[in-house]
Structures are given as structure tokens and as C-alpha cells.
Amino acid sequence: MSDSSSSESPVSEKTKVKYLPIAAKQIVMPGAIVKGRRQPPWYSVRILEEERPDLADVNGKINLEKHEATLMDMFIRKKSDLQTGDLIVTDDNLDEEDRKFNRYEVQLKYNEGRYTALYLISRQICANNETVEKNTLFAMKTSIRPYSVNIVLRMKRELRILNELKKNKCPYSPVVLDSGRVADLPFIVMNLLDRNLEKLREQVVNFKPTTAYYIAHEAISAIAFLHSCKYVHRDIKLTNFCIGAGPLATRIFLIDYGDTVKPGKKIRYGTPDAYTLPFWSLDAHKRLAARQKGDAESWFYMLIELLLPDSLPWGRLHNIREVEAAKTKLWEGGRRISRSPYILLIFDLIQQSINDFDHHRARRIVREAIENYLTGPLILEWAANLRVNMPPLKGKRLVSPNTHKRMLRKQLRGTSPLISNQQEAVSNIAGEVREETRKRESRPRNVTAAPYDSGKSKKIAAQQRQRTPSPQQQRGRTPKKGKKVGNG
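Those letters in the sequence shown? Residues 1 to 488, by UniProt numbering.
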């Protein structure tokens, strides 16, 4: 469970060893991405300006080089790390005769994001001077940068929204169990979830179309529930969706509500990292007021990435203006991103939206995609022992089975349902090559007898020669008859 994932650092190992030896020790967090994306060159400076404005000048700018800002941020984050075995006490009566307390013990650091870290913890309860450790693990989310006013506000906002979702019995969000402060850092204790979708995709590599559409169906259901509570998430991306733990492995949960606000609010957006920028909506780029359409747009980018990884034209761009321009070109019709009827329907649905979004129709589209792609029981790649039971669809289809079959035939011929300008050009070239090959193969060829065929091919060749007219017959002449040789 994580709101983001650590990525490659521009600071060399030699610099780490020289200035910060502890940073040179590679501690692999179980939930972190192994081959992380490279962060934008401006990220370290901007995240420090947002999180620690006390370190900036009068203009709010931190005048550091990229590697210097990265090293400083690394140092600040390491200072707030909790260690295995640390105890977080939330309730203690300090009575020696009848001791009662509730505390948590840190087991390991699971993952780290832009603003927070996630730890796996166990719970210890003391009653009647007897300490009992519960045989259950929980997740504890806490800040990674001390003295940050920004993270305190984000954590307060998230705690308030999680409690409201819990009150409304939301099936798509973590359940808050406890909260407080440790070492002057706010923390939230929640039930344990499994990996986020980015980590899961790294392990699975490519999802089947049925799996990608199933994830999209669960994700839009989670977003719809949040919208029904009059909130807009504003940070929809792969790292903010997790699968459930154990028997709940087929469930998808929406996490990280630090940017979540009421519709119409203009609260500042967080600094985007390499896992956030590709999924930012145009509203986020333009710093517009929150609306449901923005979440739907980010969800659409997520679906594209699940169907065909690294297919977003702006996926590896770091210049925010270039990313915004590429997204604007997509929605204004300058770039065609898909031939799939399902993707086109969702695209039109989002494009026609103004503020609110038709979640019911979006769910219907992806639900039809699941049914049309499905050839057996719905089994997810990460939960092979669990079957997903979905009720059969009723009513008229938005995409007819014949339309779906035509799309599949195009895919079998080598045409991808997801295209960019470059991919479309390659596809057109491949189509021309296939057509030329088909014409070449359709030309008549001479029959050559194969060796050791018991004379069968020779007989066939002789019959063909008999049926083939001679050059004289073709000119309309009849050959002279020879003299008859014989007795008499």
C-alpha cells in the first residue's frame, strides 16, 4: 500500500558515501518499485520549496543545484525514518499496579512517496499488567519531512475524509483505526492493503484486456463513491490504487486523499513527480477548480496505461508545458490515441462532460468490454486461486458483439487498438508489406516434383503438360500428320 514510489536518484553513489554514508546503504522496501522512473530534474527543488518554505529565500525559491537539492531532501527524509522495533504509544495510564496501554511496534518500512512513508506495524495491548501482542499487521502512514506545515494540513484533510468514508461504509477506501503524532510527525493507522497497481504492473508486466478493464471498472466505482460523498480526489494514478490483502485480493482500493477537496475548491495541487505528472488532468495543469471531470480524465489515462504500458505520448516527458500541450492536442482532436470502440466511447463521454461525470455509463462501457473479451471465468493474474463473479449484463449493448469481433480481427492482422502517430505509421508500413506478400503468394507458380515421391508429382506434371496447348495450337495451326508406320 503506497501513495507513490521511490525512484532513481541523480546523486552518485560516490557523493552519497562522501557526504551521507547512511544513504549509500541500499535498503529495498517491499512495496517500492525496483526499476523506478527517473524524476523530473526540477522535482527535488520544488518539493523542498513546497514542504520546507523556511529554507527558501524571500521569493520562496531554494537556490540549489539539482544534486544539492536531492541530497538535502534525502538528508531531511532520513532524519524522520522510524526503525524496526520502535514503539509508538497512543494510550498509557502509567499505573504500576494496574498498567494499561495501547502501542504499536514498527516491523518494517514498506514504501515511501512524495510526502509520506508507510510502515507495517503490530499492535500491543496491556491490561492487568499483562502485555498481549495481536497477531495482526496494520499499516501506519506518517510524514517523511519534519517541520512541514504542508504535510500537517494534508494529513488532517486525509484523516477527515477517511473518517467520513468510514462513516458512509465505503468499500473502496482504507479503514482508519487510530491516529496521533510520533516524534512531532502526524500518523494514521489503517488496515493493511497489498501492492499498488504500479508495483503490481512491474511484477505482472502486461495485464490481459479483461484484467485491465476489470481494474478500470473497480477504479471508476471507487471514484464514483467518493464523488457521491461530494469530494474530488484530484490525484488519480496507478500508485494510488491498491489491491486488497489475502481473500480481498480481487478488490481495488483508492488511497491517498491528501489532495482531495470539495467540488469547486482551488486548494493548491501537490508537486507532481514522475508517477503523477502523466496522469494529471488538464484542470490540474491549469490549476482550475476541482470537478469530477478531472478525476475521470486521469482515470482514462490510467486505463490506457493498463491496456498498453508506456503508450501515453507524454509518458516520459518532464517539461510540464509540453505535457499539457500534448494532452490538449489529444482532447482537441489533434492526436488519435485509440481505435478501440470502448476507448472511443469513454473518450467521447469525458469530452462531453462539463463538471459532473456519468459514472454509470462509464461502468457500463468497461463492463461490456470485460464480457466481450472474456472467454472463460474471470481470473486475475495476481490471484490465480480466486474467481471474480460479476452479474451478467442486461439491456441493449453500447458496443455490439460484431463490432467487437471486427476489432479483434484487426488486432490479429497486426493493428493495435491503441496508437500514436509513430505506431500508426509503423502499422501502415506493416499493412503495405502484408499486402505485397499476399499478392506475391497469389501468383501462379511452376510445379516442381519433390524427390522420393513415388512418381506421383511426375504424373501430375505430365497431365498438366497434356492440358497445356503447344505454341502452334495457340497460333491456330494444326501440326502435319506423320506417315503411318506399320505392316501393309
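Don't be surprised by glycine CBs; every beta carbon is placed ideally from N, CA and C.
When the beta-carbon positions are compared, residue 115 and residue 140 stay at least 8 Å from each other. The criterion of a C-beta distance shorter than 8 Å is not satisfied by residue 354 and residue 300. Boundaries cannot be given for residue 53, as no alpha helix (DSSP H) includes it and DSSP labels it neither H nor E. DSSP, reduced to helix, strand and coil, places residue 290 outside both helices and strands of the structure shown, so it counts as coil. Here the alpha carbon of residue 86 sits roughly 21 Å from the alpha carbon of residue 147.
Collapsing the DSSP output to three states places residue 262 in coil.
It is roughly 31 Å from the alpha-carbon of residue 185 to the alpha-carbon of residue 288.
Runs of the alpha helix (DSSP H) spanning 4 or more residues and lying entirely within the stretch 166-232 occur at 197-204 and 209-228, in chain order.
The three-state reading of DSSP puts residue 140 in strand, counting E and B together. Judged by beta-carbon spacing, residue 198 lies within the 8 Å limit of residue 238, meaning their Cβ atoms are closer than that value. Closest in C-alpha terms to residue 276, from the list 283, 298, 264 and 293, comes 298. Taking residue 318 as the centre and dropping the five residues before and after it, the same chain places the C-beta of 40 and 41 closer than 7 Å to its C-beta, in chain order. According to DSSP, residue 241 shares a beta bridge with 254.
Rounded to the nearest angstrom, the gap between the Cα atoms of residue 348 and residue 365 is 12 Å. Distance between residue 294 and residue 230, taken at the CA atoms: about 14 Å.
When secondary structure is reduced to three states using DSSP, residue 79 falls in the helix class. Per DSSP, reduced to three states, the secondary structure at residue 372 is helical.
DSSP places residue 88 within a strand segment (E or B) once states are collapsed to three. Secondary-structure assignment with DSSP links residue 132 through a beta bridge to 125. For residue 217, the number of other beta carbons within 10 angstroms of its own is at least 16, and it is reported as buried. Nearest Cα to residue 93 within the set 72, 128, 356 and 60: 128. In the DSSP assignment, residue 322 falls outside any beta strand (DSSP E) and lies within the alpha helix (DSSP H) extending over 320-331. Secondary structure note for residue 380: its beta strand (DSSP E) is the uninterrupted segment 378-380. Per DSSP, residue 351 is not a residue of any beta strand (DSSP E); the alpha helix (DSSP H) it occupies stretches across 341-352.
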